Amino acid sequence: MIVITKNSASEERIAEIVQHIEKAGVQAHVSRGTDRTVIGIIGKAEPALAEHLRSMKDVENVIKISKSYKLASRDFHPDDTVIEIKGVKIGGEHLAIMGGPCAVESPEQIDEIARLVKAAGGQVLRGGAFKPRTGPYSFQGIGVEGLKMMAEAGRKHGLLTITEVMTPEYVDICAEYADILQVGTRNMQNFDLLRKLGSVQTPVLLKRGFSATYDEFLNAAEYILAGGNPNVMLCERGIRTFETYTRNTLDLAAIPVLQSLSHLPVISDPSHGTGRRELVEPMAKASVAAGANGLIIEMHTDPDNSMTGDGVQSLFPDQFANLLKELEQLGKLVGKRYDTPKEPAEYFKTWKI
Ligand code: PEP
Ligand code: MN
Numbered sequence: 001m002i003v004i005t006k007n008s009a010s011e012e013r014i015a016e017i018v019q020h021i022e023k024a025g026v027q028a029h030v031s032r033g034t035d036r037t038v039i040g041i042i043g044k045a046e047p048a049l050a051e052h053l054r055s056m057k058d059v060e061n062v063i064k065i066s067k068s069y070k071l072a073s074r075d076f077h078p079d080d081t082v083i084e085i086k087g088v089k090i091g092g093e094h095l096a097i098m099g100g101p102c103a104v105e106s107p108e109q110i111d112e113i114a115r116l117v118k119a120a121g122g123q124v125l126r127g128g129a130f131k132p133r134t135g136p137y138s139f140q141g142i143g144v145e146g147l148k149m150m151a152e153a154g155r156k157h158g159l160l161t162i163t164e165v166m167t168p169e170y171v172d173i174c175a176e177y178a179d180i181l182q183v184g185t186r187n188m189q190n191f192d193l194l195r196k197l198g199s200v201q202t203p204v205l206l207k208r209g210f211s212a213t214y215d216e217f218l219n220a221a222e223y224i225l226a227g228g229n230p231n232v233m234l235c236e237r238g239i240r241t242f243e244t245y246t247r248n249t250l251d252l253a254a255i256p257v258l259q260s261l262s263h264l265p266v267i268s269d270p271s272h273g274t275g276r277r278e279l280v281e282p283m284a285k286a287s288v289a290a291g292a293n294g295l296i297i298e299m300h301t302d303p304d305n306s307m308t309g310d311g312v313q314s315l316f317p318d319q320f321a322n323l324l325k326e327l328e329q330l331g332k333l334v335g336k337r338y339d340t341p342k343e344p345a346e347y348f349k350t351w352k353i
């Protein structure tokens with residue numbers, strides 16, 4: 001259930017309505033939008049509460065919401081969520097570009113790629129230290145050493161960092177070194193992991209499970225939000241279909257659909273979404289045209305020798321740089337802009353690892 005208050009409702013009035021709701025034994029979540037305030041109610045409310053709220057002064061409307069996810073829904077939070085990390089904004093009109101290798105391989109590799117991501121205009125350095133591999137004998141990532149290498153490269157070049165976390169036990173250490181924690185497609189419904197991520201404030205990029213519906217995806221996000229972490233981004237990374245030419249089928253419709261159902265930023269991953277280098281550029285552009293709030297793209301200086309099999313979908317540095325130039329133009333047409341600080345901001349210079 002949501003309560004929409006009149007524009008004229010004062011802060012005190014909203015606080016009184018919240019108190020009234022909480023007295024009924026349910027939770028109230030206030031979302032102050034540009035033109036209205038919405039109070040979302042979570043918990044089993046008696047019908048009499050709705051009736052009473054409807055009759056209260058300054059209440060415009062009370063609407064029953066039947067969706068199973070609440071905090072992730074746009075009904076509860078009409079305005080776009082914009083997540084600000086060390087001065088970089090993700091969500092709304094900001095176009096966030098995350099680039100880097102599938103896996104952190106060495107200090108030299110991640111440092112050089114970080115330099116190239118920054119030079120191209122990206123804001124976030126991606127790289128996995130813990131890799132969820134289909135086979136147990138494949139390279140599994142270099143672990144905590146990789147986290148440290150990436151943090152150092154990010155700090156040096158003035159980039160935020162994003163890395164995948166696979167188990168609840170590793171959330172704290174990954175959050176110590178990275179600015180954004182990625183939940184991979186295979187873990188979208190790892191509920192213990194989601195609960196743990198709800199207990200921290202580090203922003204989370206939640207990838208869509210490769211066979212998850214939008215409803216399941218948004219419920220997975222709800223776990224994190226319900227735990228108390230409001231900083232969640234959704235990532236469309238392709239789903240499994242009958243097609244085998246591409247590694248996955250990037251579901252472009254997911255971008256506007258998720259943005260209509262939810263206020264959370266939607267990031268597109270054309271690398272895993274296609275699995276083919278030549279398709280990354282057109283699908284990155286299509287994602288921005290469809291309204292994506294950002295992209296996460298694999299880029300490698302030596303893709304043929306990448307330690308995971310993802311070299312085949314990794315852009316070469318010059319392709320990455322050219323794509324970003326074109327995306328800047330395209331972004332303008334759809335009301336999205338980069339705001340990459342040209343110089344590393346003060347907090348990067350002083351940031352201690
Ligand atoms: C990755 O980003 O390298 C990755 C493993 O992604 P996904 O979980 O989408 O397969
Ligand atoms: Mn990868």
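Using full-length UniProt numbering, the first residue of the sequence shown is number 1, and each one after it goes up by one.
Every residue, glycine too, gets a C-beta built ideally from N, C-alpha and C.
Source: prediction; values computed, not measured.
For residue i, the three-state DSSP class (helix, strand or coil)
i, result
"V200", "coil"
"V312", "helix"
"Y347", "A caution first: Y347 carries a pLDDT of 42, below 50, which makes its placement in the model unreliable, though a value can still be read off. Helix at Y347."
"Q329", "helix"
"L250", "coil"
"V171", "helix"
"T185", "helix"
"L206", "strand"
"V165", "coil"
"R74", "coil"
"L193", "helix"
"V334", "coil"
"L160", "strand"
"S262", "strand"
Proximity winner among the options, relative to residue i (alpha-carbon distances)
i, options, result
"H263", "K57, E222, V18", "E222"
"N229", "I180, L327, R36, V26", "I180"
"R36", "D79, E22, L330", "D79"
"residue 413", "I224, I97, I4", "Beyond the ends of the chain as shown, which are 1 and 353, falls residue 413; an answer cannot be given."
"S8", "K23, Q27, T34", "T34"
"G227", "R247, I239, D215, P203", "P203"
"A253", "E236, L315, A15", "E236"
"D302", "R13, G25, L116", "L116"
"R186", "Y170, E22, E164", "E164"
"D172", "L147, G184, R155", "L147"
"G141", "M166, A153, E152, A120", "M166"
"E112", "G154, S10, Y137", "G154"
"F76", "V38, Q109, L53, N61", "V38"
"H300", "K285, S287, A286, Q319", "Q319"
"A120", "K332, P317, K336", "P317"
"A257", "S271, S287, P168", "A quick correction: the sequence has Val, not Ala, at residue 257. That would be S287, whose Cα lies nearest to the Cα of V257."
"A212", "G198, L225, G184, L197", "G184"
"P168", "A72, L279, L197, E145", "L197"
"L206", "D269, E152, K336, R337", "D269"
"A45", "R32, K118, H20", "H20"
"R208", "L71, I239, L225, E51", "I239"
"N322", "K332, D304, K285, K336", "K285"
"L324", "L49, I42, K118, G40", "K118"
Cutoff 6 Å; reference residue i; Cβ partners in own chain excluding five residues on either side
i, result
"P265", "I90, G91, M233, N293"
"I63", "I2"
"V88", "Q123, L160"
"R13", "D58"
"I83", "I90, G91, P203, N231"
"K6", "D58, E60"
"A96", "I90, Q123, G294"
"T81", "G91, H263, L264"
Residues near residue i by beta carbon distance below 7 Å, same chain, minus five either side
i, result
"N219", "S68, Y69"
"residue 354", "Outside the modelled stretch of the chain, which goes from 1 to 353, sits residue 354, for which no answer is possible."
"Q259", "V266, G291"
"A289", "L330, V334"
"R126", "M98, G99, G100, I162, I296"
"A175", "L181, V200, T202"
"V149", "At residue 149 the sequence reads Met, which differs from the Val that was named. So the list reads V104, P107, I110, once near-sequence residues are dropped."
"E22", "A28"
"V280", "P270, S271, T274, I297, Q313, L315"
C-beta neighbour in chain C for residue i, strict 9 Å
i, result
"G25", "Absent from the structure: chain C. Only one protein chain is present."
Same chain only: Cβ atoms within 8 Å of residue i, ignoring 5 sequence neighbours per side
i, result
"F139", "A103, K131, R133, M307, T308"
"residue 374", "Residue 374 lies beyond the stretch modelled for the chain, which goes from 1 to 353, so this question has no answer here."
Exercise. Which runs of the beta strand (DSSP E), 3 residues or longer, sit entirely within the segment 77 to 152?
Worked result: 83 to 85, 88 to 90, 96 to 100, 124 to 126
Exercise. Is the segment 189 to 200 touching the segment 154 to 161, taking contact as three or more C-beta pairs under 8 Å?
Worked result: no
For this session: Run through the UniProt domain "DAHP synthase ferredoxin-like" (1 to 67) for me and flag every whole alpha helix (DSSP H) of 4 or more residues, listed as ranges in chain order.
Result: 11 to 23, 47 to 55
For this session: Taking only runs that begin and end inside the segment 269 to 304, name each unbroken alpha helix (DSSP H) of 4 or more residues, in chain order.
Result: 270 to 274, 277 to 289
For this session: Jot down the residue ranges of each uninterrupted alpha helix (DSSP H) in the segment 216 to 246, minimum 4 residues, whole runs only, in chain order.
Result: none
Exercise. On the three-pair Cβ rule with 8 Å, is the segment 271 to 287 touching the segment 304 to 323?
Worked result: yes
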